[in-house]
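At the far end of the sequence shown sits residue 1862, using this note's numbering, and the numbering has no gaps.
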Amino acid sequence: MRHALFKHWPFLLLLATLTAYHLWGLALIPFHPDESTYLYMSSDFDWLWSEPLSLTFNPHRLEDPRQIYRLLDAPLTRYLLGVGRTLAGLSAVPVDWDWAKSWQANSMIGALPGQPLLNTGRLLLTLLLPFSLTFIYLAACSAGGRLEGFLAALLLGTHALVLLHARRAMAEGPLLFAITGFLASLSFAERRPWLVGLAAALAFNAKHSALALLPVGLIAVAWLPTSIPPKWARIVFNVVQFLTIYIGLTLALNPLFWREPWLTAQAMIQTRQDLLNHQVADARQYFPEQVLESPWERGVMLLGHLYLAPPMFAEVGNYRAETAPAEKAYLAVPGHSLGRNPIGASLWLGLSFLGMVWAGREAFRAGYPLRRQVALLLLATAFQATGMVLAIPLAWQRYSLPLVPFVCVWTGIGAGRLIRMLRSFNLRSLKRS
1430 MRHALFKHWP
1440 FLLLLATLTA
1450 YHLWGLALIP
1460 FHPDESTYLY
1470 MSSDFDWLWS
1480 EPLSLTFNPH
1490 RLEDPRQIYR
1500 LLDAPLTRYL
1510 LGVGRTLAGL
1520 SAVPVDWDWA
1530 KSWQANSMIG
1540 ALPGQPLLNT
1550 GRLLLTLLLP
1560 FSLTFIYLAA
1570 CSAGGRLEGF
1580 LAALLLGTHA
1590 LVLLHARRAM
1600 AEGPLLFAIT
1610 GFLASLSFAE
1620 RRPWLVGLAA
1630 ALAFNAKHSA
1640 LALLPVGLIA
1650 VAWLPTSIPP
1660 KWARIVFNVV
1670 QFLTIYIGLT
1680 LALNPLFWRE
1690 PWLTAQAMIQ
1700 TRQDLLNHQV
1710 ADARQYFPEQ
1720 VLESPWERGV
1730 MLLGHLYLAP
1740 PMFAEVGNYR
1750 AETAPAEKAY
1760 LAVPGHSLGR
1770 NPIGASLWLG
1780 LSFLGMVWAG
1790 REAFRAGYPL
1800 RRQVALLLLA
1810 TAFQATGMVL
1820 AIPLAWQRYS
1830 LPLVPFVCVW
1840 TGIGAGRLIR
1850 MLRSFNLRSL
1860 KRS
């Protein structure tokens, strides 16, 4: 055990350093009103234990704002925030944030969370980041090596989108944790299908956009080497394990479905579509440049957010005057916008592309385990990116966060391969001289 840990000491040192950096800057993160909404909805954690049936869907309460949020948002984040504030002895925000009111008006009615509650929520979700870094390290190691894993973790831990969005009391931190866990679980899929199902279910219950990973999980647990007898019986067994965990955990975390599952599903789809239509209509009226009509526009904007755009503190400018001082202080911290310039973006994008090409080429030449792992990572990247391009018509930066782990894996592999090539070239040059 000690020898195994010693082999990974560079990563462990990096993990400790980045964790300290993440925790140190928590208080500097500018407030987002959606943090208030998540802390308001964290009261569902109390009801889940005391009276879970009160959380079920009621068709006679279609205008109930809490029920609307349960239809719109995945539940994992509000439960985690509920755990954090319960351990700290704090109550949920009593009133939801009203975007039609001023900052001062929201503060007066109790919608602005106190600093202890806000810091507690942020702290709990930020403590997921060390696990995310460990998971991405394992995922990149399985497709490359320890150098590639180290670089992927370094890139994830210093990524501008992660530093801002994954440390707020919102869904992005749990989503990052679950997606990186899913990527790490792929190398165990044939032996532990329940683990892949657990990670995929957590990702979906952190944010519904991670539904795109479901087919990849099914492929992973069904893709077995021909040497396993009897193969078809094992495939069926693995798929059943995966789906049992995925569906079971999703139902357990969503009491909303316990009474009228089909009616609830219909209401969820309709509510989500109504919200999207409303958001697009508002954006067309006030911020027409944020509406992306074609998949091409969405793809270009997605690349811009992943590689180039500076941290986007808010989607609309209602409260820019109140948050401007905090935004300025946040950007003044070294590392909070690392590489968000044309040179850095070009380097990141080039290394990502090279990472996919090099990993794909080596996997094609290699045997079963590496070929399978790289193919699954490529499939997961393609499914998640396609799902986001097709489903998200708005240029909102935090919606691109599900793709950040994939970018970091491929960039880490590309950078690692480049370093190995340079080392090899230098050694050959020294031998010749």
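Glycine included, every Cβ here is placed at the ideal spot set by N, Cα and C.
Report yes if the C-beta distance between residue i and residue j is below 7 Å; otherwise report no.
i, j, result
"P1739", "R1769", "yes"
"R1727", "V1818", "yes"
"V1522", "L1468", "yes"
"I1565", "P1834", "yes"
"A1569", "A1607", "no"
"L1567", "A1613", "yes"
"L1562", "L1444", "yes"
"I1674", "L1627", "yes"
"A1630", "L1680", "no"
"P1542", "S1465", "yes"
"G1602", "L1547", "no"
"L1592", "H1734", "no"
Assuming the contact rule is C-beta atoms closer than 8 Å, residue i and residue j should be a hit. Round their C-beta distance to whole Å, please.
i, j, result
"H1594", "L1830", "6 Å"
"L1823", "V1729", "Actually they do not touch by this definition, with Cβ atoms about 14 Å apart."
"A1572", "L1604", "The Cβ separation is near 21 Å, so there is no contact."
"T1515", "F1474", "7 Å"
"L1590", "Q1826", "7 Å"
What did DSSP end up calling residue i once you bin it into helix, strand or coil?
i, result
"L1624", "helix"
"V1762", "coil"
"L1807", "helix"
"L1735", "helix"
"L1847", "helix"
"V1720", "strand"
"L1823", "strand"
"K1636", "coil"
"M1470", "helix"
"L1482", "helix"
"F1863", "Outside the displayed range of the chain (1430 to 1862) lies residue 1863, so it cannot be described from this structure."
"M1599", "coil"
"W1528", "coil"
"H1594", "helix"
State buried or exposed for residue i, treating a residue as buried only when at least 16 other CB atoms are found within 10 Å of its CB.
i, result
"N1667", "buried"
"Q1695", "exposed"
"T1815", "exposed"
"G1550", "buried"
"V1669", "exposed"
"F1611", "buried"
"M1785", "buried"
"H1489", "exposed"
Is the shortest distance between the beta-carbon of residue i and the beta-carbons of chain C less than 7 Å?
i, result
"I1608", "Any reference to chain C falls outside this structure, which holds one protein chain only."
At a cut of 8 Å, does the region 1498–1510 reach the region 1713–1720 through at least three beta carbon pairs? Result no; under three Cβ-Cβ pairs closer than 8 Å.
Take every Cβ of the region 1487–1497, pair it with every Cβ of the region 1595–1607, and state whether three or more of those distances are shorter than 8 Å. Cβ pair count under 8 Å is below three, so no.
Would you call the region 1738–1753 and the region 1457–1464 touching, i.e. three or more CB-CB distances under 8 Å? Touching, per the Cβ criterion.
Is the region 1635–1644 in contact with the region 1616–1624, if contact means three or more CB pairs nearer than 8 Å? Judged by Cβ distances under 8 Å, the region 1635–1644 makes no contact with the region 1616–1624, as fewer than three pairs qualify.
Are the region 1579–1594 and the region 1835–1847 touching by the rule of at least three beta carbon pairs closer than 8 Å? Because the criterion of three Cβ pairs below 8 Å is met, the region 1579–1594 and the region 1835–1847 touch.
Any contact of the region 1671–1686 with the region 1477–1493, i.e. 3+ C-beta pairs under 8 Å? Yes, the region 1671–1686 touches the region 1477–1493.
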